[in-house]
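K.L.:
Oh and the sequence shown: position 161 is 167 in the numbering used here, straight run, nothing missing.
C-beta atoms are modelled at their ideal positions from N, C-alpha and C, and glycine is treated no differently.
These numbers come from a predicted model, not from an experiment.
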Amino acid sequence: MRRKISPPLPAARKKLAPLMQSCYDKLLKYAGPEKQRRSFVHSEYKGEKHMNILLIGYGRMGKLIEQTAQAAGDRVVCAMDLDNLDQLAAMDKTADVILDFSNPSAFALVEAYVRRTGTPLLSGTTGYSADQLARLRALGAYAPVLHSGNYSLGIAVFQRVLRQIAPTLLPDFDVEITETHHNQKVDAPSGTALMLRDAIDPAGEMTLVYGRQGSVGKRGEKEIGIHALRGGTVAGVHTVSFFGPDEELTITHRAASRQIFVNGALHMARILKDKPNGVYDLQALLFQN
Numbered sequence: 007m008r009r010k011i012s013p014p015l016p017a018a019r020k021k022l023a024p025l026m027q028s029c030y031d032k033l034l035k036y037a038g039p040e041k042q043r044r045s046f047v048h049s050e051y052k053g054e055k056h057m058n059i060l061l062i063g064y065g066r067m068g069k070l071i072e073q074t075a076q077a078a079g080d081r082v083v084c085a086m087d088l089d090n091l092d093q094l095a096a097m098d099k100t101a102d103v104i105l106d107f108s109n110p111s112a113f114a115l116v117e118a119y120v121r122r123t124g125t126p127l128l129s130g131t132t133g134y135s136a137d138q139l140a141r142l143r144a145l146g147a148y149a150p151v152l153h154s155g156n157y158s159l160g161i162a163v164f165q166r167v168l169r170q171i172a173p174t175l176l177p178d179f180d181v182e183i184t185e186t187h188h189n190q191k192v193d194a195p196s197g198t199a200l201m202l203r204d205a206i207d208p209a210g211e212m213t214l215v216y217g218r219q220g221s222v223g224k225r226g227e228k229e230i231g232i233h234a235l236r237g238g239t240v241a242g243v244h245t246v247s248f249f250g251p252d253e254e255l256t257i258t259h260r261a262a263s264r265q266i267f268v269n270g271a272l273h274m275a276r277i278l279k280d281k282p283n284g285v286y287d288l289q290a291l292l293f294q295n
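Okay, here's the thing in structure tokens:
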């Protein structure tokens with residue numbers, strides 16, 4: 007049975023007040039005035055030492071990373087894709103940081119290179135298996151490592167908000183996550199949807215339900231529904247809905263373009279490259295001050 011309902015939203019609002027002020031301060035810091043917001047990576051780091059980047063994954067995301075990095079004065083020393091990635095085995099350390107936005111099939115080669123050279127690794131690759139994720143974390147013994155399915159500041163704030171409000175709303179509210187992406191995305195659900203799931207249920211105590219079809223029976227009390235939509239050129243839309251008795255709370259993040267992911271990744275790469283060996287958390291690095 008569900009516990010007796012108590013008014014959750016006033017308590018959630020009380021918790022959110024200082025949180026939202028902190029997040030707003032971060033947005034001002036990283037986005038800056040409207041004139042700078044369009045290309046804050048360039049304006050924020052003007053005059054600083056530029057990065058040498060080893061780029062792995064040269065699809066649309068990789069090409070945009072290269073263009074944005076070069077506009078900021080950084081240098082992509084080598085851009086690799088699946089067709090020439092085997093050349094990593096013969097390469098020495100050539101860059102300040104690796105930016106990997108490729109495919110799980112490339113992981114073994116990237117893993118071997120990081121172990122051998124100690125080059126800092128920022129990974130935005132999604133679709134890793136549990137074994138690959140464990141091996142990725144193990145690379146922290148050889149280099150600073152950061153992995154995230156989404157490097158936008160808005161999603162980081164989204165996760166932070168969910169961690170604050172979920173304990174107040176659950177279990178009286180049902181939770182559903184919906185993610186929408188372009189028709190070329192090959193994995194589902196998105197890495198970002200899983201990040202949001204983890205923010206809601208960090209202990210992994212709830213049952214995940216991926217879509218519903220047929221006579222599935224009543225919704226369980228400890229379910230999180232996750233639904234994936236694919237079509238067109240959508241850069242990414244993520245919605246978390248809390249359905250309660252006679253009320254609904256919905257939070258949505260919309261990515262207008264991949265540029266927000268690129269800006270965030272380059273910002274975090276600048277932080278990561280000077281860190282000691284270890285596995286780093288995006289939330290901790292962003293909100294440590």
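Considering only C-alpha positions, which residue in the set A114, L127 and Q73 is nearest to K99?
P.N.:
The residue with the shortest Cα to Cα distance from K99 is L127.
K.L.:
Quick one: Cα of Q219 to Cα of Q289, how far?
P.N.:
Going from the Cα of Q219 to the Cα of Q289 covers about 36 Å.
K.L.:
Using the rule of at least 16 other Cβ atoms within 10 Å of the residue's Cβ for burial, across every protein chain shown, is T258 buried or exposed?
P.N.:
Exposed, by the Cβ-count rule.
K.L.:
Could you check the C-alpha separation between V268 and Q138 for me, to the nearest Å?
P.N.:
Approximately 23 Å between the Cα atoms of the pair.
K.L.:
Looking at V120: is its Cβ nearer than 8 Å to the Cβ of Y148?
P.N.:
Yes, Cβ-Cβ distance for V120 and Y148 is below 8 Å.
K.L.:
Can you tell me the Cβ-Cβ gap for V246 and I183, rounded? I've got them flagged as a contact below 8 Å.
P.N.:
That belief holds up - the Cβ atoms of V246 and I183 are roughly 5 Å apart, short of 8 Å.
K.L.:
To the nearest whole angstrom, what separates the beta carbons of L60 and A101, a pair I think is in contact under 8 Å?
P.N.:
Indeed, because the Cβ distance is near 4 Å, the residues count as touching under 8 Å.
K.L.:
Could you spell out the range, first to last residue, of the alpha helix (DSSP H) harbouring H117?
P.N.:
At residue 117 the sequence reads Glu, which differs from the His that was named. Start and end: F113 to T123.
K.L.:
Is N189 helix, strand or coil when you go by DSSP?
P.N.:
Three-state DSSP puts N189 in coil, outside helix and strand.
K.L.:
Going along the chain, which residues of its own chain have a beta-carbon closer than 7 Å to the beta-carbon of P13, five neighbours each way excluded?
P.N.:
At P13 the pLDDT is 49, less than 50, meaning the model places this residue with poor confidence and gives no usable figure here.
K.L.:
Quick check on the burial criterion: 16 or more other C-beta atoms within 10 angstroms. Buried or exposed for T256?
P.N.:
The residue is exposed, with fewer than 16 neighbouring Cβ atoms inside 10 Å.
K.L.:
Using 8 Å as the threshold, is the stretch 226 to 233 in touch with the stretch 195 to 209, meaning 3 or more CB pairs across them?
P.N.:
Segments in contact, yes.
K.L.:
Could you please give the first and the last residue of the uninterrupted beta strand (DSSP E) stretch that includes F249?
P.N.:
From DSSP, the beta strand (DSSP E) with F249 extends over V243 to G250.
K.L.:
Once DSSP output is grouped into helix, strand and coil, what is the label at T213?
P.N.:
Correct three-state label for T213: strand.
K.L.:
Under the rule that 16 or more other beta-carbon atoms within 10 Å means buried, what is D106, buried or exposed?
P.N.:
Looking at its Cβ environment, which holds 16 or more other Cβ atoms inside 10 Å, D106 is buried.
K.L.:
How about V243 and R264: are their beta carbons less than 8 Å apart?
P.N.:
Cβ atoms of V243 and R264: not closer than 8 Å.
K.L.:
Applying the criterion that 16 or more other CB atoms from any shown protein chain within 10 Å of the CB defines a buried residue, is P39 buried or exposed?
P.N.:
Note that P39 has pLDDT 38, beneath the 50 cutoff, so the model's placement of it is unreliable and no number is given.
K.L.:
Measure from the alpha carbon of S135 to the alpha carbon of each residue in P251, V285, L200 and G250, then state which is nearest.
P.N.:
If we check each option's Cα against that of S135, L200 comes out closest.
K.L.:
Cutting at 7 Å between CB atoms, please list the residues of its own chain near G217, excluding the five before and the five after it.
P.N.:
Closer than 7 Å at Cβ, skipping near neighbours: H233.
K.L.:
Mapping the DSSP letters down to three states, classify L176 as helix, strand or coil.
P.N.:
Here L176 sits in coil by DSSP.
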